[in-house]
Amino acid sequence: MVSDVLASRHHAFLVETPNGIEIRDAHSVNGTFVNGVRVGSAVLSEGDVVTTGNVDLVFSGGVLTHHTEAGTRTGGLEVDGVHFAIDGKELLDNISLTARPGTLTAIIGGSGAGKTTLSRLIAGHTCPSSGSVTFEGHDIHREYASLRTRIGTVPQENIVHRQLTVNQELGYAAELRLPPDTSKADRAEVVAKVLDELDLTEQADTRVEKLSGGQQKRASVALELLTGPSLLILDEPTTGLDPALDSQVMMMLRQLADAGRTVLVVTHSVSYLDLCDQLLLLAPGGKTAFVGPPDEIGPVMGTTNWAQIFLTVGADPDEANRRFLAQRRPQPQVPKETTPADLGEPVRIDVLRQFSTIARRQVRLVISDRWYTVFLAVLPFILGLLALTVPGKTGFGLADPHGKTPAEPAQILVLLDVGAVFMGTALTIRDLVGERPIFHREQAFGLSTPAYLMAKIAVFTGFAIIQSAIATLIAVLGKGAPTHGAVLLGNGSLELFVAVASTCVVSAIIGLVLSALARSSDQILPLLVVAIMAQLVFSSGMIPVTDRAVLDQLSWLTPARWGFAASASTIDLNTVEPGPFSPKDSHWNHTTGAWLLDIGMLAVLAALYAGFVWWKIRLKRHSAAR
Numbered sequence: 017m018v019s020d021v022l023a024s025r026h027h028a029f030l031v032e033t034p035n036g037i038e039i040r041d042a043h044s045v046n047g048t049f050v051n052g053v054r055v056g057s058a059v060l061s062e063g064d065v066v067t068t069g070n071v072d073l074v075f076s077g078g079v080l081t082h083h084t085e086a087g088t089r090t091g092g093l094e095v096d097g098v099h100f101a102i103d104g105k106e107l108l109d110n111i112s113l114t115a116r117p118g119t120l121t122a123i124i125g126g127s128g129a130g131k132t133t134l135s136r137l138i139a140g141h142t143c144p145s146s147g148s149v150t151f152e153g154h155d156i157h158r159e160y161a162s163l164r165t166r167i168g169t170v171p172q173e174n175i176v177h178r179q180l181t182v183n184q185e186l187g188y189a190a191e192l193r194l195p196p197d198t199s200k201a202d203r204a205e206v207v208a209k210v211l212d213e214l215d216l217t218e219q220a221d222t223r224v225e226k227l228s229g230g231q232q233k234r235a236s237v238a239l240e241l242l243t244g245p246s247l248l249i250l251d252e253p254t255t256g257l258d259p260a261l262d263s264q265v266m267m268m269l270r271q272l273a274d275a276g277r278t279v280l281v282v283t284h285s286v287s288y289l290d291l292c293d294q295l296l297l298l299a300p301g302g303k304t305a306f307v308g309p310p311d312e313i314g315p316v317m318g319t320t321n322w323a324q325i326f327l328t329v330g331a332d333p334d335e336a337n338r339r340f341l342a343q344r345r346p347q348p349q350v351p352k353e354t355t356p357a358d359l360g361e362p363v364r365i366d367v368l369r370q371f372s373t374i375a376r377r378q379v380r381l382v383i384s385d386r387w388y389t390v391f392l393a394v395l396p397f398i399l400g401l402l403a404l405t406v407p408g409k410t411g412f413g414l415a416d417p418h419g420k421t422p423a424e425p426a427q428i429l430v431l432l433d434v435g436a437v438f439m440g441t442a443l444t445i446r447d448l449v450g451e452r453p454i455f456h457r458e459q460a461f462g463l464s465t466p467a468y469l470m471a472k473i474a475v476f477t478g479f480a481i482i483q484s485a486i487a488t489l490i491a492v493l494g495k496g497a498p499t500h501g502a503v504l505l506g507n508g509s510l511e512l513f514v515a516v517a518s519t520c521v522v523s524a525i526i527g528l529v530l531s532a533l534a535r536s537s538d539q540i541l542p543l544l545v546v547a548i549m550a551q552l553v554f555s556s557g558m559i560p561v562t563d564r565a566v567l568d569q570l571s572w573l574t575p576a577r578w579g580f581a582a583s584a585s586t587i588d589l590n591t592v593e594p595g596p597f598s599p600k601d602s603h604w605n606h607t608t609g610a611w612l613l614d615i616g617m618l619a620v621l622a623a624l625y626a627g628f629v630w631w632k633i634r635l636k637r638h639s640a641a642r
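Residue numbers (the numbering used here): 17 to 642.
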C-alpha cells in the first residue's frame, strides 16, 4: 500500500517469473519508474529503486520497502558545478549548492545575477551546459518524468484564475493533477488539507481577486501543494507586497520548510532573510559570492549592510567569487547515481477527463466574469439591430437596381458577416494570453494540449452559436426571411444562421490564434482592430476582391470571405442584386455545390487555424546552448 495522492488505486503489482521478481505497471496515470526509467514491466534486481507517485520503494530480499534513508542516498537537493550558457554568454558559472529536507534557502543577488535562471534550471525547465542537479538521489534533468510531481514551482505572477473562488480553483486543479481514479471525496480531502496548512480555510469560498496580496500568493502555493511536492521553488514571492505581507509570506515559507520540504525562494528582499537556513548570494554573471547561514555573511563580507554588500559584489564579481572560493568550507559529499537514466515516457493521459474538466472550468470562468458575460450577452443584440439600420424595405428580396437602396441585401449580409467575425474574435482573443502561465504549469503536470484546446473550442463554439442565433433572428424578424428559399437545408433562415454561426466559430478560433501570438494583454486591442478591418475588406461584400490578384488569394484565408459567400449563396445575391454594377462571384451562386464549398472552406480554415494554435502552445522543453 502506497499512501500518496499521485499513486493510482491499482498502480503496479509484483509477479514471480522464471527470471525473477517482475514489477508490472497497472496502466497507472503517473507511471511506474525503476531507477528513474518509466517501465511497463521490468525484472527487479537487489537495491533497485521503484518510484510510484512521489514515493520511492527499495527492492530488497524479494519485497519492496519504503525508502527511509533519505539522508544517505538522497540528501535533498544537490547542485554540483552547474554552468549555463546561451550563445556563448555565461549566465551561471560553476554554481554548487546543497539544500537538505526541512530547510529554507534564499537565492539573492542584484539584477542580472542569474537568480531566476538558476531557479528554472533547478526546476528542470532548462538543462545545464555542464554540471548536474539531483534531488532525492535522482538527476532532475535525466529523470524529469519521475520527478516532475515532486517539484512545485511558484512564479512571480500569481498562477490562479482570479474570477474563481479558492475552492473552485483548487478543485479543478485537483481534477487535472490527481489520478483519475481519485474519488471526489478524496480530492475534497486533499484540497481541505492544503487550505488548512496555508490558513486559507476561511477564504475557501472567496473569489481570488478579492483576496489580499499575501492570500493570493498562498493560493498560488496551494496549487503546487496538491500533489505533495517535496521541493518547492518560489520566484520573487514578495514582489509588490507591503512589509507586513512580506513578513507573512516569508513566515509561510518557513512553516512549509519546517514540515519537511526543501524550499528555495528567489528574492531581492532582504528584510526577513534571518528566517532562512542558508543564503546563496549571486554576483553578476551568475558567479557565487556567498553560500552559508545568514549570520555568517557579515564576517565573510565585512559588513551586514545589504546595500554595501550588493554594491561591492556588483562592482567586482570576479573578486567576490575568488574570495568565496578561498573561504568556502568543503561541502558534504552525497552519493551519485553511477548509471544515468533516461527521461522516460510521457505520463498516461485521460484526454476525455481532462477535456471535461477544462470545459467545465471554462464555462465557469466565462459566467464568473460578470462584465464580460454582460458584454457577450448584449453584443449580438447590438449587432442584430445594426443590420436593421440598413435603409430599404426589400430585405433579402429582389432589389430595384434603379431604386434608392439597390445594395440593401448585400449591406445586411456585410453587417451580419462582419458582426459574426467581431463576436467570435472578441469572444476568445484575450483567453490564451491571459491564462498562459497557468497553462504552462498545468502542461508540466501532464495536461494534454489537444484536450485543453478542444475543450476551449467546444465551449466557445457553444457561445458563438448562441450569439449568432440571436443576431440572425433579429435580422430575419426585422428584414424578413430569404425569399429564394434554401439551397440545401430546406429553410432559408436556418441556412443563413448556419453560415453566420460557422463564420463566428472560425473567427473564435482566429481569436485564439491572435491570443497565442500575443506576448501580453496590451497587444490584444490592436490585434483585434487589425483583424476586424482586414476581414471587412476581404469579405468581398463592400470592396470587390473576386479576380483581383493578391486580394482574392489573401481573402481565401479569412472566414469573412467564405461566410459572406455562404450567406450570399443562400439569399441568391447574384440574382437579388441584378444591377450591372453589382459585383458577381461564382461562390455566391444559389446552388448546393457553391454553398457546400463555402461551408467546407470554413471547416478547412477552422482545422488549419486550430492546428496552428496547437503547434504554438504545445509543450516544449529547452536545453542550454552548448
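For every residue, glycine included, the Cβ atom is placed at its ideal position computed from N, Cα and C.
query	result
List the whole-angstrom C-beta distance separating V522 from L395, where the pair is believed to meet the contact cut-off of C-beta under 8 Å.	Rounded, the Cβ-Cβ distance is 17 Å, inconsistent with contact.
Give the DSSP-derived three-state secondary structure of H82 in the structure shown.	strand
For F371 versus A273, is the C-beta distance shorter than 8 Å?	no
Do you know how far the Cα of T519 is from the Cα of A415?	25 Å
Mapping the DSSP letters down to three states, classify C520 as helix, strand or coil.	helix
Runs of 4 residues minimum, wholly inside the segment 398–484: which ones carry the alpha helix (DSSP H) assignment?	424–444, 447–460
So K226 is in the alpha helix (DSSP H); what residue range does that whole segment cover?	Taken as a continuous stretch (DSSP letters only), K226 belongs to no alpha helix (DSSP H), as it is neither H nor E.
According to DSSP, is N35 part of a helix, a strand, or is it coil?	coil
Is C143 a contact residue of the ligand GTP, with contact defined as CB to any heavy atom under 7 Å?	The model depicted lacks the ligand GTP and carries no ligand whatsoever.
Would you report the Cα separation of G92 and H99, rounded to the nearest angstrom?	20 Å
CB-CB under 6 Å to S531, same chain, minus the five flanking residues each way: which ones, in chain order?	I445, D447, L448, V449
Would you kindly work out how many angstroms separate the C-alpha atoms of L239 and T283, rounded to a whole number?	21 Å
Name the one or two DSSP bridge partners that S148 has.	D96
Taking I633 as the reference, give the member of Q459, V561, V553 with the closest Cα.	Q459
Going by DSSP, what residue range makes up the beta strand (DSSP E) through K105?	105–115
Going by DSSP, name the residue or residues bridged to R338.	In the DSSP output, where bridge partners are listed per residue, R338 has none listed.
Determine the direct distance from the alpha carbon of F397 to that of I490, and round the result to whole angstroms.	7 Å
Leaving out five residues before and five after A86 in sequence, what residues of the same chain have Cβ atoms less than 6 Å from its Cβ?	At A86, the pLDDT of 38 sits below 50, so the modelled position is not reliable; the number obtained from the coordinates is stated separately. Around A86: no qualifying Cβ.
Measure from the alpha carbon of A626 to the alpha carbon of each residue in L533, I383, Q569, N590, then state which is nearest.	L533
Counting only the same chain and skipping the five closest in sequence on each side, list residues whose C-beta sits under 7 Å from that of A28.	I39, R40, D41, A42, S44, T48, T68
Apply the 10 Å Cβ neighbour rule to A622 and answer buried if 16 or more other Cβ atoms are within range, or exposed otherwise.	buried
The beta strand (DSSP E) spanning D72 covers which residue range?	71–76
Suppose contacts are defined by Cβ-Cβ distances below 8 Å. Is F326 in contact with G126 by that definition?	yes
How would you call Q232, buried or exposed, if buried means at least 16 neighbouring beta carbons within 10 angstroms?	buried
Ordered along the chain, which non-local residues of its own chain (more than five positions away) have a Cβ less than 8 Å from that of V503?	E511, S585, T586, H606, T607, T608, A610, W611
For G187, is the classification buried or exposed, using 16 other Cβ atoms within 10 angstroms of its Cβ as the cut-off for buried?	buried
Here's the rule I'm using: 16 or more other beta-carbon atoms within 10 Å means buried, otherwise exposed. How should A547 be labelled?	buried
DSSP state of Q294, grouped into three classes?	strand
Should F580 be labelled buried (16 or more other beta-carbon atoms within 10 Å of its own) or exposed?	buried
Measuring alpha carbon to alpha carbon, tell me which residue in T33, L250, R136 is nearest I643.	This structure gives no information on residue 643, because the portion of the chain shown stretches from 17 to 642.
Within 10 Å of its beta-carbon, does G360 have 16 or more other beta-carbons around it, so buried, or fewer, so exposed?	Note that G360 scores 37 on pLDDT, short of 50, meaning its location in the model is unreliable; the coordinates nonetheless yield the value given after this. G360 comes out buried.
Give the DSSP-derived three-state secondary structure of T586 in the structure shown.	helix
Determine whether the beta carbon atoms of A576 and A517 lie at a separation below 8 Å.	no
If we call anything under 8 Å between Cβ atoms a contact, is P245 one with G168?	yes
Can S135 and L280 be called in contact, C-beta distance under 8 Å?	yes
Measure the beta-carbon distance from H177 to I454 and round it to whole angstroms, keeping in mind my assumption that it falls under 8 Å.	7 Å
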